[in-house]
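As given, the protein sequences belong to chains A and B, one line each in that order. Quick note: the first sequence uses the numbering used here, first residue 279, plus one each step. Quick note: the second sequence uses the numbering used here, first residue 61, plus one each step. In what follows, a structure is listed as structure tokens, so that the remarks can point back to it.
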Amino acid sequence: MRNIKTNQSVVFTWSALALVAIVSIMTLRGALGIVHAANAEPSTGSTEVKIDNFAFTPGVITVKAGTQVTWINHDDIPHTVDSTEGKFKSAALDTEDKFQFRFTEPGEYPFFCRMHPKMTGKIIVQP
Amino acid sequence: MANKKDLIDQNLQDLNNDGVDRRGFLKCMAWAGTGLVWTLSGGIPVSRAFAKTTEKGGSKGSDFSFVQISDSHIGFNKPANPDVTATLQVAIDRINAMPHKPDFIIHTGDLSQLSKPSEFDTLDQALKGATAKQVYFVPGEHDMLSDNGEQYLQRYGKGTKGSGWYSFDQKGVHFVGLVNVVNLKAGGLGSLGHEQLEWLEDDLKAHSASTPIVMFAHIPLWTIYPDWGWGTDDSEQALSYVKRFGSVTVLNGHIHQVMQKVEGKLSFHTAMSTAFPQPAPGTAPSAGPMKVPAEQLQKVLGITDVNYLVSGKSLAIVDSPLDGSSASSKAAG
Numbered sequence: 279m280r281n282i283k284t285n286q287s288v289v290f291t292w293s294a295l296a297l298v299a300i301v302s303i304m305t306l307r308g309a310l311g312i313v314h315a316a317n318a319e320p321s322t323g324s325t326e327v328k329i330d331n332f333a334f335t336p337g338v339i340t341v342k343a344g345t346q347v348t349w350i351n352h353d354d355i356p357h358t359v360d361s362t363e364g365k366f367k368s369a370a371l372d373t374e375d376k377f378q379f380r381f382t383e384p385g386e387y388p389f390f391c392r393m394h395p396k397m398t399g400k401i402i403v404q405p
Numbered sequence: 061m062a063n064k065k066d067l068i069d070q071n072l073q074d075l076n077n078d079g080v081d082r083r084g085f086l087k088c089m090a091w092a093g094t095g096l097v098w099t100l101s102g103g104i105p106v107s108r109a110f111a112k113t114t115e116k117g118g119s120k121g122s123d124f125s126f127v128q129i130s131d132s133h134i135g136f137n138k139p140a141n142p143d144v145t146a147t148l149q150v151a152i153d154r155i156n157a158m159p160h161k162p163d164f165i166i167h168t169g170d171l172s173q174l175s176k177p178s179e180f181d182t183l184d185q186a187l188k189g190a191t192a193k194q195v196y197f198v199p200g201e202h203d204m205l206s207d208n209g210e211q212y213l214q215r216y217g218k219g220t221k222g223s224g225w226y227s228f229d230q231k232g233v234h235f236v237g238l239v240n241v242v243n244l245k246a247g248g249l250g251s252l253g254h255e256q257l258e259w260l261e262d263d264l265k266a267h268s269a270s271t272p273i274v275m276f277a278h279i280p281l282w283t284i285y286p287d288w289g290w291g292t293d294d295s296e297q298a299l300s301y302v303k304r305f306g307s308v309t310v311l312n313g314h315i316h317q318v319m320q321k322v323e324g325k326l327s328f329h330t331a332m333s334t335a336f337p338q339p340a341p342g343t344a345p346s347a348g349p350m351k352v353p354a355e356q357l358q359k360v361l362g363i364t365d366v367n368y369l370v371s372g373k374s375l376a377i378v379d380s381p382l383d384g385s386s387a388s389s390k391a392a393g
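Dropping the structure here:
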């Protein structure tokens, strides 16, 4: 009994440490200003990136291969969604206009607004 | 450096002689977005309140003058200004009502909101009503949205190089129109690009150092607020080519408010929009149309009048809000 209890305690301690580690990483990410949405469990099917106040939200998003991503512009100024590597390119999106792209191949897909290139984001596609 | 700067400030004070502390005034004016005059005289810029200069007949006896208008955003219809065509018309009416007729108009970009043919048509129609028939354009990022800017270049870029840059001469002043809104890099600011910079260096070589230079482009060619993209990545290189000239005036738009800076012989100036104001840098979550009470809109929209005197080799710049009020009354902000 004693031994089992000890083991449980050890297990608990390791879990706690793991939790602390995870929280630390998340805090570090927060401090670095990196936004990871649903990082642990990639979203599937479809997901949305909002454009508000000259920024993509979330800025970085992880999805499963085959996911369709929809960008929607909520600003009073048009924006675009351009793949940094030329893999996709939207027309100018006026207020409430949308752009959609389905990511079939795993990989990282950085993008930006070609009108306001300070606006950047990334789609991470997992198998 | 400090001594030299103090000396220039002293010169400014002496030449100014209007009781307005230049630094305090500029600080104040930067956000008032209304009127301010400054003159380049022998390479030394002088700032004056708008009312003072008009009193002294700033435009009287000038050898030629032109008007800068900017950021018309034809097609924009949001609450910040539901009728941008009407405010452009007011701007043109003000130009036509000037006691001296400007020789030409420079539009520093964002003619349209979405590069639509109908938007360009509306702008053209409005500008036809201006007494100054010659209009020089440079594109804003809103004008190059379709077909890599073909629509813009076909209409406004005849005879220009690359994505629409060019130069021309008027009564001894060399004007250069630059494009810094295409092929922008992710995470970057405005960009002129290698090809245009090479052209610029070559274009300026033909001119003597005593030739006054006026450079104009949409996005500021000086770094105003990089967080909002208010600057141009390779502007330093462009400015290095004009360092040898005795008088260089840089006119920009994009930020929808008056800001200016004097750096040696270089004078930088941004114009108001004819469509809607934008917040002062860092005072809002982001750039973008700023809603003001309807009765105040025409105080924050405006035009820029530039007068040139060959004899004094000087340029006088006056920003006038559309509502016709003088700048001095609003400089107290």
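Each residue gets a CB set at the ideal place from its N, CA and C atoms; glycine is no exception. Note that the structure is a prediction, hence the values are computed from the model and not measured.
Can you tell me whether DSSP reads GLY222/B as helix, strand or coil?
On the second sequence, position 162 is the one that residue 222/B refers to. Coil.
Rounded to whole angstroms, what is the Cα-Cα separation between VAL327/A and ILE355/A?
Start at 1 with the first residue of the first sequence, and residue 327/A comes out as number 49. Start at 1 with the first residue of the first sequence, and residue 355/A comes out as number 77. Cα to Cα, the separation comes out at about 16 Å.
Report yes if the C-beta distance between GLY200/B and HIS278/B is below 8 Å; otherwise report no.
Translated into the one-based positions of the second sequence, residue 200/B becomes position 140. Translated into the one-based positions of the second sequence, residue 278/B becomes position 218. Yes, these two residues count as a Cβ contact at 8 Å.
By the DSSP assignment, the beta strand (DSSP E) with GLN211/B in it spans what residues?
Locating residue 211/B in the second sequence gives position 151, counting from the first residue. Looking at the DSSP string, GLN211/B is not in any beta strand (DSSP E); the run it does join, the alpha helix (DSSP H), is 210 to 216.
Since THR340/A meets chain B, which of its residues come closer than 7 Å, beta carbon to beta carbon?
Working through the first sequence from its first residue, we reach residue 340/A at position 62. Simply none; closest approach about 19 Å.
Are ALA335/B and ASP181/B closer than 8 Å when you measure CB to CB?
Counted from its first residue, the second sequence places residue 335/B at position 275. Counted from its first residue, the second sequence places residue 181/B at position 121. No, the pair does not count as a contact, with Cβ atoms beyond the cut-off.
Under 8 Å, Cβ to Cβ, is there at least one residue of chain B near HIS394/A?
Within the first sequence, numbered from 1, the residue matching residue 394/A stands at position 116. It does; some Cβ of chain B falls within 8 Å.
Run down chain B in chain order and give the residues with a C-beta less than 7 Å from the C-beta of PHE332/A.
Here residue 332/A refers to the residue found at position 54 when the first sequence is read from its first residue. Near PHE332/A (Cβ distances below 7 Å), the residues of chain B are SER346, ALA347 and GLY348.
Proximal residues to LYS400/A (C-beta, below 8 Å), its chain only, five neighbours per side dropped
For the purposes of this step, residue 400/A is taken as residue 122 along the first sequence, with counting starting at 1. Taken in chain order, the residues that qualify are GLY337, VAL338, ILE339, GLU386, TYR387, PRO388 and PHE389.
Does PRO388/A come out as helix, strand or coil in the three-state DSSP assignment?
For the purposes of this step, residue 388/A is taken as the residue at position 110 of the first sequence. Reduced to three states, the DSSP call for PRO388/A is strand.
Any idea if GLN211/B is buried or exposed, counting beta-carbon neighbours within 10 angstroms, 16 or more meaning buried?
For this step, residue 211/B is matched to residue 151 along the second sequence. Per the 10 Å Cβ criterion, buried.
Candidates SER227/B, PRO341/B and HIS316/B, of which the one nearest TRP288/B by Cα
For this step, residue 288/B is matched to residue 228 along the second sequence. Nearest of SER227/B, PRO341/B and HIS316/B to TRP288/B, Cα basis: PRO341/B.
Rounded to whole angstroms, what's the CA-CA distance from PHE305/B to GLN185/B? Just pull it up for me.
Looking up residue 305/B in the second sequence gives position 245. Looking up residue 185/B in the second sequence gives position 125. The alpha-carbon atoms of PHE305/B and GLN185/B are separated by roughly 38 Å.
Select from the segment 220 to 252 of chain B all residues with a C-beta closer than 7 Å to any C-beta belonging to chain A, and list them in chain order.
LEU244, LYS245, ALA246, GLY247 and GLY248
To be precise: take each residue of the segment 256 to 271 of chain B, compare its Cβ to all Cβ atoms of chain A, and keep it if any distance is under 8 Å. Which residues remain?
none
Would you mind working out which of ALA269/B, THR330/B and GLY189/B sits nearest LEU148/B, comparing C-alpha positions?
Residue numbering aside, residue 148/B sits at position 88 when the second sequence is read from its first letter. The shortest Cα separation from LEU148/B among ALA269/B, THR330/B and GLY189/B belongs to GLY189/B.
C-alpha gap between ALA246/B and SER333/B, whole angstroms:
Your numbering for residue 246/B matches position 186 in the second sequence. Your numbering for residue 333/B matches position 273 in the second sequence. Near 26 Å, if we compare the C-alpha coordinates of SER333/B and ALA246/B.
Does the segment 290 to 302 of chain B touch the segment 241 to 255 of chain B, meaning 3 or more C-beta pairs lie closer than 8 Å?
yes
Alpha-carbon spacing of PRO139/B relative to ALA331/B, whole angstroms
The residue given as residue 139/B occupies position 79 in the second sequence. The residue given as residue 331/B occupies position 271 in the second sequence. About 22 Å.
With a threshold of 8 Å, are at least 3 pairs of Cβ atoms found where one atom belongs to the segment 260 to 279 of chain B and the other to the segment 303 to 321 of chain B?
yes
Compare the Cα-Cα distances from THR364/B to each of VAL378/B, PRO353/B and GLN356/B and report the closest residue.
Within the second sequence, the letter at position 304 stands for residue 364/B. Of the candidates VAL378/B, PRO353/B and GLN356/B, the one whose C-alpha sits nearest the C-alpha of THR364/B is VAL378/B.
My assumption, with CB atoms under 8 Å, is that PHE332/A sits in contact with GLY348/B. Please give the rounded CB distance.
Along the first sequence, one-based indexing puts residue 332/A at 54. Along the second sequence, one-based indexing puts residue 348/B at 288. Indeed, because the Cβ distance is near 7 Å, the residues count as touching under 8 Å.
Please report whether the beta-carbon of VAL313/A lies at a distance below 8 Å from any beta-carbon of chain B.
Taking the first sequence and counting its residues from 1, the one referred to as residue 313/A is at position 35. Caution is warranted here: a pLDDT of 43 is assigned to VAL313/A, below 50, making its placement in the model unreliable, and the coordinate value is therefore given only provisionally. Not an interface residue.
Can you name the residues that DSSP bridges to TYR368/B?
As a first step, residue 368/B must be located in the second sequence, where it is residue number 308. TYR368/B is bridged to PHE124/B and LEU375/B.
How would you write the range of the alpha helix (DSSP H) that GLU261/B sits in, first residue to last?
Sequence index remark: in the second sequence, residue 261/B carries index 201 (1-based). It spans 254 to 265 - the alpha helix (DSSP H) in which GLU261/B sits, taken as one unbroken run.
Classify GLU255/B: buried if its beta carbon has 16 or more other beta carbons within 10 angstroms, exposed otherwise.
One-based indexing of the second sequence puts residue 255/B at position 195. Flag for GLU255/B reads exposed.
Do LEU264/B and VAL302/B have their beta-carbon atoms positioned less than 8 Å apart in this structure?
The count along the second sequence starts at 1 and reaches residue 302/B at position 242. The count along the second sequence starts at 1 and reaches residue 264/B at position 204. In contact: VAL302/B and LEU264/B (Cβ atoms closer than 8 Å).
Could you work out which residues of chain A lie near GLU201/B, taking near to mean beta carbons separated by less than 7 Å?
Residue 201/B sits at position 141 when you count from the first residue of the second sequence. In chain order: MET393.
Could you please give the first and the last residue of the uninterrupted beta strand (DSSP E) stretch that includes VAL150/B?
Locating residue 150/B in the second sequence gives position 90, where the first residue counts as 1. Where VAL150/B is concerned, there is no enclosing beta strand (DSSP E), although the alpha helix (DSSP H) it sits in stretches over 144 to 156.
What residue range is occupied by the uninterrupted alpha helix (DSSP H) comprising ASP184/B?
For this step, residue 184/B is matched to residue 124 along the second sequence. Looking at the DSSP string, the run of the alpha helix (DSSP H) that includes ASP184/B is 177 to 188.
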